[in-house]
Structures are given as C-alpha cells and as structure tokens.
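Enquirer: Numbered per the numbering used here, the sequence shown spans residues 5 to 253.
Attaching a single structure in structure tokens format; questions to follow.
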Amino acid sequence: MEDRRIDAEYYDSATYFEAAPHLVDRQSAFQRYRIRMVTVLADPRPTDRVVDLGCGWGTFEFALAGRVREIVGVDFSRKSIEFCNAELARDPRGNVSFLKADAGDTGLPGSDWDLVVAADLFEHLYPEDSGRVAAEAFRLLRPGGRFAAWTPHRGHLLEILKNNGILLKPDPTHVDYKSMARLLETFRTAGFDIRRAYYAESHLPGLRVAERMLGRWVPFLRRRIAVLGVKPGGGAEANASATGAPPPG
C-alpha cells in the first residue's frame, strides 16, 4: 500500500498543530531561536511588505508585526489558518493577515512585495512542488525583493537519529529534505541571485558550540540551511551577491 500523501487534508485531519508545545508557544526557546535566526537572515525593514509562505502557527507574523509595514501569512491548511486567526483575535495586529492558499499559487498580487519568507517549509514540499514555490516567491516580489529560506540539513546528527528512529521520532511531514546545492539550484532556476548561503547552528547550547567550532569541516554538525535570494532589477546594492557568511552572534 502506498504511503499517504502529506497534503492539506493530512494537516487538517492530524494533530500536527496541537501536538508540539514548543512549536505552538511563540515564547519557547526553539521559537525564539527560529525568530532570531530567520530575522538575521531576512533583515526585515520598516517599509517592507512581507509574505510568509507556510506560516504554520503564525510565529513570524506576530514576531515581525512591529518591524514591518505589512505581513501576510499563507498556508494551505485550514487548521493552520483557523489557529492563526484565533491567535490574531486574542492579540490583534492591524498589519497582520492570514490567507488559506497554496504556497505555489497564492493568488496575491505579483511584483508587489519586498520580502518573502519560507521558514521550515521546503522540507515539507515534495520535489515537484519546490520549484513552484520558488517561482511563486519570484513572482510575488518586486525587483530587488528578497526571498529567505530556512530548512533543516538532513545530514545533521539530530536529523540522522530522527530519520532512523533512534532516540527521536521521525517526522512524516518532512517528505523531501533539500541539500544546500539543491536549494541553491531551486533559487537560481526561479531567477534569483544568491545574496547569502550558509549553515546555521542549532538552539541547543552544548551542541551549538561544537557546531560553531567544527561545522565547516564536519557535515553532521551542520544544523540548518539558510539561503537569501534577491530578485534582479532593484539596483546594484540590492543585487550584490555574497555567499557563505554566517549570521552574527
């Protein structure tokens, strides 16, 4: 029997959005780490209009609301959008909204946005969908706009243990991990110039030290893949490329 396809119906019928307290809680150590690291990568600005693809629990909408002009969270899961709208009702933000739509076909206006974020999305995308999502990000962005992607590195020690069911439980929604090379190819095929590309350390203090010291040489200590692409046409500064630089701190 074929494995069940992980699609919107899967997320809507499963307990995915309730089962992990460290993901639901925006103040958890893990979510604070995600917010800090993705913010460093994406560099949101006060004038930015932002689209967050695969918004999940609305983490970045609430984290960035005070730093950007507008942010729209997009997810194809009805349960995700219901959760996010309930959170928004409890904690109103005038520049935040949520949209139930496919990340590869949002229906939002094209060439109208300054920043697109895809944090912990690409590992949930089947190979045939990854290119569609990158192409949609390209369509959404104005010239000079940025596309920030953040995804786990399959070769990291924790992912190896998880995917082999050793100490950690496999995540069935991680249907296709992307390597750094594949993610860069996906960005470039969509038309992006690469501004930054690096491996980032984890949020676990002891492991983080080892990752910082040895990650350059030891693949299983490379925790996260971070890539920032720029849509050409926004001027020399917007389209300058610099790869391999890690975030500060």
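All C-beta atoms, glycine included, are put in the ideal place defined by N, C-alpha and C.
Please report how far the alpha carbon of Ala105 lies from the alpha carbon of Ile164, in whole angstroms.
Expert: When rounded, the separation of the alpha-carbon atoms in Ala105 and Ile164 is 32 Å.
Enquirer: Pull up the CB-CB distance for Thr190 and Ser134, whole angstroms please, since I reckon it's below 8 Å.
Expert: Confirmed, Cβ separation roughly 5 Å.
Enquirer: Pick out whichever of Pro209, Gly237, Val78 has its Cα sitting closest to the Cα of Val121.
Expert: Val78
Enquirer: Count the CB pairs spanning the stretch 146 to 164 and the stretch 217 to 230 that are closer than 8 Å, and state whether there are at least three.
Expert: yes
Enquirer: For Gly233, which residues does DSSP report across the bridge?
Expert: Phe151, Ile198
Enquirer: Can you tell which of Arg53, Glu127, Gly233, Ala201 has its C-alpha closest to the C-alpha of Val179?
Expert: Glu127
Enquirer: Given a cut-off of 7 Å, decide if Ala69 and Ile39 are closer than it, judged by their beta-carbon atoms.
Expert: no
Enquirer: In whole angstroms, what separates the C-alpha of Glu140 from that of Pro113?
Expert: 11 Å
Enquirer: Could you give the DSSP three-state label for Lys83: helix, strand or coil?
Expert: Three-state result, Lys83: helix.
Enquirer: Rounded C-beta distance between Ala152 and Leu27? I'm assuming under 8 Å.
Expert: Ala152 to Leu27, Cβ: 19 Å. No contact.
Enquirer: So the beta strand (DSSP E) Ser206 belongs to, where does it begin and stop?
Expert: Per DSSP, Ser206 belongs to no beta strand (DSSP E) and is neither H nor E.
Enquirer: Could you check if Tyr20 is buried or exposed, using at least 16 other CB atoms within 10 Å of its CB as the buried criterion?
Expert: buried
Enquirer: Roughly how many whole angstroms lie between the Cα atoms of Ile10 and Ser81?
Expert: Computed Cα separation, rounded: 11 Å.
Enquirer: What's the call for Tyr130, buried or exposed, on a 16-neighbour Cβ count within 10 Å?
Expert: exposed
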